[in-house]
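*Asks:*
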Amino acid sequence: TNGSQLARLAETLADCGVRRINVSLDTLDPDQYREITRGGELSDVLEGIEAARRAGLSIRINSVALRGVIEEQFERLLRYAHSNDMALALIETMPLGETGTSRADQYLSLTEFRKQLSDKWSLSALERKTGGPAQYVEVKQTGGLLGFITPLSCNFCATCNRVRVGSNGRLYTCMGHEGSVDLRPALAGTEPARQLDLAIRDALMRKPERHGFRIGQAGVNGIGRH
7 TNGSQLARLA ETLADCGVRR INVSLDTLDP DQYREITRGG ELSDVLEGIE AARRAGLSIR
67 INSVALRGVI EEQFERLLRY AHSNDMALAL IETMPLGETG TSRADQYLSL TEFRKQLSDK
127 WSLSALERKT GGPAQYVEVK QTGGLLGFIT PLSCNFCATC NRVRVGSNGR LYTCMGHEGS
187 VDLRPALAGT EPARQLDLAI RDALMRKPER HGFRIGQAGV NGIGRH
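According to the numbering used here, the sequence shown is numbered sequentially starting from 7.
Following this line, the structure appears as structure tokens:
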């Protein structure tokens, strides 16, 4: 979630059985946040995070490692997350969605950035896994968890088990491909449970071998879908 509705919905989510959420937060500077999100208000997100914590939800802060932003914001984000008992995960920017901004200019290799962080922070590798692609370390100075998600600098497609359902009713088997399966016909069928199960299984069998993202000297290869 981007956290903008958490203040209103955190308790409801907890009552429905949700136990852990990821909140996207790339900066703690209000003006910078407004620019990155095209009008978002940082105060709404911080209020939502507090509401989620009060509701007992476990939270991980997800920060896209935007070049020129994450270098100056990292320590603030790390200390904010860890002082509030939240993990922080850094994610490489991906050429996903035509935004009018150059993804190549924004891209920062987390494999290289991790080496830079090691000059100041004591990072101890962990075996911790959450079923996702993050590689976790413990930061000795804070005692908190820091994750690295590296789809471009260190491809993890071979172990990816992620799929996503959009608000349009389509199941996307990979962020890095345009392909998807419409689940709505199955839901509208005579046997929705069975037909939905078959539709999902068929989609999973056709999950791509790897994403199609590329950022390098030859240019940027991505997809237009947001």
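For glycine and all other residues, C-beta sits at the position ideal for the given N, C-alpha and C.
Just so you know, these numbers come straight off a predicted model, no measurement behind them.
(1) In chain order, which continuous runs of the beta strand (DSSP E) of length 3 or greater are located wholly inside the stretch 106-180?
(2) Determine the DSSP secondary structure at Ala16, reduced to helix, strand or coil.
(3) Run through the DSSP bridge pairs and tell me what Asn68 is partnered with.
(4) So, at 8 angstroms on beta carbons, what are the nonlocal neighbours of Leu72 in its own chain, with the 5 sequence-adjacent residues on each side left out?
(5) Roughly how many angstroms separate the alpha carbons of Asn8 and Val51, rounded to a whole number?
(6) Identify, in the order they occur along the chain, each residue of the same chain with its Cβ nearer than 6 angstroms to the Cβ of Ala209, setting aside the five sequence neighbours on each side.
(7) Exposed or buried, Ala205, counting other C-beta atoms within 10 Å across all chains shown (16 or more means buried)?
(8) Which two residues bound the contiguous alpha helix (DSSP H) that contains Asp208?
(9) Can you check whether the CB of Ser69 is closer than 7 angstroms to the CB of Leu96?
(10) Return the CA-CA distance between Gln122 and Val143, expressed in angstroms with no decimal places.
(11) From the DSSP output, read off the bridge partner residues of Val75.
(12) Quick check on Arg26: buried or exposed, where buried means 16 or more other Cβ atoms within 10 Å of its Cβ?
(13) Taking Cβ to Cβ, would you say Lys146 is nearer than 7 angstroms to Ser159?
(14) When you compare only the Cα positions, how much space is there between Arg220 and Pro157?
(15) Return the CA-CA distance between Ala13 and Glu53, expressed in angstroms with no decimal places.
(16) Which value, in whole angstroms, describes the spacing of the CA atoms of Asp21 and Gly138?
(17) Counting C-beta neighbours from all protein chains within 10 Å, is the total for Arg44 16 or more, i.e. buried, or is it exposed?
(18) Taking C-alpha atoms, which residue in Gly175, Asp203 and Phe162 lies nearest to Glu215?
(19) Could you pull the start and end residues of the alpha helix (DSSP H) that Asp37 belongs to?
*Replies:* In brief:
(1) Fully enclosed beta strand (DSSP E) runs of 3 or longer: 129-131, 141-145, 150-155 and 176-178.
(2) In this structure, Ala16 counts as helix in the three-state DSSP scheme.
(3) Its beta-bridge partners are Ser30 and Ala95.
(4) If you ignore the 5 residues before and after Leu72, its C-beta comes within less than 8 angstroms of the C-beta of Asp32, Ile42, Thr99, Gln112 and Leu114, all in its own chain and listed in chain order.
(5) For Asn8 and Val51, the gap between their C-alpha atoms comes out near 7 angstroms.
(6) Excluding residues within five positions, the ones whose Cβ falls inside 6 angstroms are Leu177, Thr179 and Val187.
(7) The residue in question, Ala205, is buried, as its Cβ has 16 or more Cβ neighbours within 10 Å.
(8) Run containing Asp208: Pro198 to Met211, per the alpha helix (DSSP H) assignment.
(9) Leu96 places its beta carbon less than 7 angstroms from that of Ser69.
(10) When rounded, the separation of the alpha-carbon atoms in Gln122 and Val143 is 14 angstroms.
(11) Beta-bridge pairing links Val75 to no other residue.
(12) Its Cβ having fewer than 16 others within 10 Å, Arg26 is exposed.
(13) Not in contact: Lys146 and Ser159 (Cβ atoms no closer than 7 angstroms).
(14) When the Cα atoms are used, Arg220 and Pro157 turn out to be separated by approximately 10 angstroms.
(15) Using only the alpha carbons, I get a separation of about 6 angstroms.
(16) Using only the alpha carbons, I get a separation of about 24 angstroms.
(17) It is exposed - the Cβ of Arg44 has fewer than 16 other Cβ atoms within 10 Å.
(18) Per the C-alpha coordinates, the member of Gly175, Asp203 and Phe162 positioned closest to Glu215 is Phe162.
(19) According to the DSSP assignment, Asp37 belongs to the alpha helix (DSSP H) that extends over Pro36 to Thr43.
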